[in-house]
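Before any comments, here is the structure.
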Amino acid sequence: MKKYLQLAKITLEEYLVYRLNFLLWRFRSLVQFLSLYFFWLAIYGQRTEFLGYQKGQIFSYLVGVAILRSLVMGSRSADLAGQIRSGELTKILQKPINIFSFWASRDLVDKLLNLFFILIELSLVVKIFGLPFYWPQRPETVLVFLVVLILAVFLYFFLSLTISMTGFWTEEIWATRWLLGIVLLEFLAGAFFPLDVLPAGLVKVINFTPFPYLLYFPIKIWLEQLPAIAGAKVILICSLWLVFFYWLAHFLWRKGVKNYGAYGG
0 MKKYLQLAKI TLEEYLVYRL NFLLWRFRSL VQFLSLYFFW LAIYGQRTEF LGYQKGQIFS
60 YLVGVAILRS LVMGSRSADL AGQIRSGELT KILQKPINIF SFWASRDLVD KLLNLFFILI
120 ELSLVVKIFG LPFYWPQRPE TVLVFLVVLI LAVFLYFFLS LTISMTGFWT EEIWATRWLL
180 GIVLLEFLAG AFFPLDVLPA GLVKVINFTP FPYLLYFPIK IWLEQLPAIA GAKVILICSL
240 WLVFFYWLAH FLWRKGVKNY GAYGG
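Position 59, counted from 1, in the sequence shown is what numbering that gives the first Met the number 0 calls 58; the numbers after and before it change by one each time, with no gaps.
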């Protein structure tokens, strides 16, 4: 445990050394949120309701998603692909550490830092623009939300590692991560709008993927826009996806290390 705490400390020190990079990242996140805010503000115009959502509801959704994104999608595991291609992974393999615990320690620091800053940033934005923030009315809602949130955090962790591990077999990992991370993952996770504004048939198809369980369903539970039975279903499906990507990440790691070792040799 001590070595992983030390690793978390080193990761924090890296952020402090490269402060400009981190500040630029936070600026990008803030601009992204403001872009979505002004986009939806223009969409609503003088209307109070659009596609089944009141104006206050859509802004509550956007605020919630911004916070959840920092917790769920804040990750350093994307760096694994670069380490594979550069050969830096060899240094990690020579150390007596578990690779999954290694990245979990680094991810934890990333998530906590992002959460700390996003709460400050959004507090200012909410106050300046008078945006609504919804608090659940039922205690059981908070409990279900926390369970789904934890599942979503681990689901994204293993999903992200799985994508990075394709670096064992291809050099085009950054194009893959951009395509999956921006075009597919964030869009299908509901990062830009609630997925239920889409046609019902398309929503059913998307719900068969792991992506909406990262952001869309957790925030819908927080906003108490899903019945209790739906919350139980979300927990079940998210758990199944988590088990699948847990297995897939470990499977690819075992195969990839053999491939990497042969290549390095």
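We put the CB at the ideal spot given by N, CA and C, even for glycine.
For Phe243 and Leu213, the rounded distance between their alpha carbons: To locate residue 213, count along the sequence shown from 1; it is residue 214. To locate residue 243, count along the sequence shown from 1; it is residue 244. Distance between the alpha carbons of Leu213 and Phe243 is about 15 Å.
Could you tell me which residues DSSP pairs with Gln268 in its beta bridges?
The structure shown does not extend to residue 268, since the chain is modelled only from 0 through 264, so no value can be given for it.
message: Residues in the same chain with beta-carbon distance under 6 Å from Leu160, minus the five sequence neighbours each way, listed in chain order, please.
response: Within the sequence shown, numbered from 1, the residue matching residue 160 stands at position 161. So the qualifying residues of the chain are Ser76 and Ala248.
Please state if the CB of Leu197 and the CB of Val59 are separated by a distance shorter than 8 Å. Position 60 of the sequence shown, counted from the start, is the residue given in the question as residue 59. Position 198 of the sequence shown, counted from the start, is the residue given in the question as residue 197. Correcting the residue type first, residue 59 is Ser in the shown sequence and not Val. No, these two residues do not count as a Cβ contact at 8 Å.
If the criterion is Cβ atoms closer than 8 Å, does the pair Ala80 and Ser28 meet it? The residue you call residue 80 lines up with position 81 of the sequence shown. The residue you call residue 28 lines up with position 29 of the sequence shown. No, they are not a contact pair.
Original post:
Based on Cα-Cα distance, which residue from Val202, Ala190 and Gln224 lies nearest to Arg68?
Top reply: What you label residue 68 is simply residue 69 of the sequence shown in a count that begins at 1. By alpha-carbon distance to Arg68, the top candidate from Val202, Ala190 and Gln224 is Ala190.
>> According to DSSP, simplified to helix, strand and coil, what is Arg68?
In response: Within the sequence shown, the letter at position 69 stands for residue 68. Helix.
When you compare the CB positions of Gly230 and Ile218, do they come within less than 8 Å of one another, or not? Along the sequence shown, read from residue 1 onward, the residue named residue 230 stands at position 231. Along the sequence shown, read from residue 1 onward, the residue named residue 218 stands at position 219. Result no, Cβ atoms of Gly230 and Ile218 do not sit closer than 8 Å.
Suppose the cutoff is 7 Å on Cβ atoms and the five residues either side in sequence are ignored; what does the same chain contact list for Ile83 look like? Along the sequence shown, read from residue 1 onward, the residue named residue 83 stands at position 84. Sequence-distant Cβ neighbours of Ile83 in its own chain, meaning closer than 7 Å and more than five residues away, are Gly166, Phe167 and Tyr259.
Exposure label - Lys110; buried when at least 16 CB within 10 Å: In the sequence shown, residue 110 corresponds to position 111, counting from 1. Burial call: buried.
- Message: Once the 5 residues before and after Lys54 are set aside, which same chain residues still bring their CB inside 6 Å of it?
- Response: Locating residue 54 in the sequence shown gives position 55, where the first residue counts as 1. Counting only Cβ-Cβ distances below 6 Å, and skipping sequence neighbours, we find Tyr43 and Thr47.
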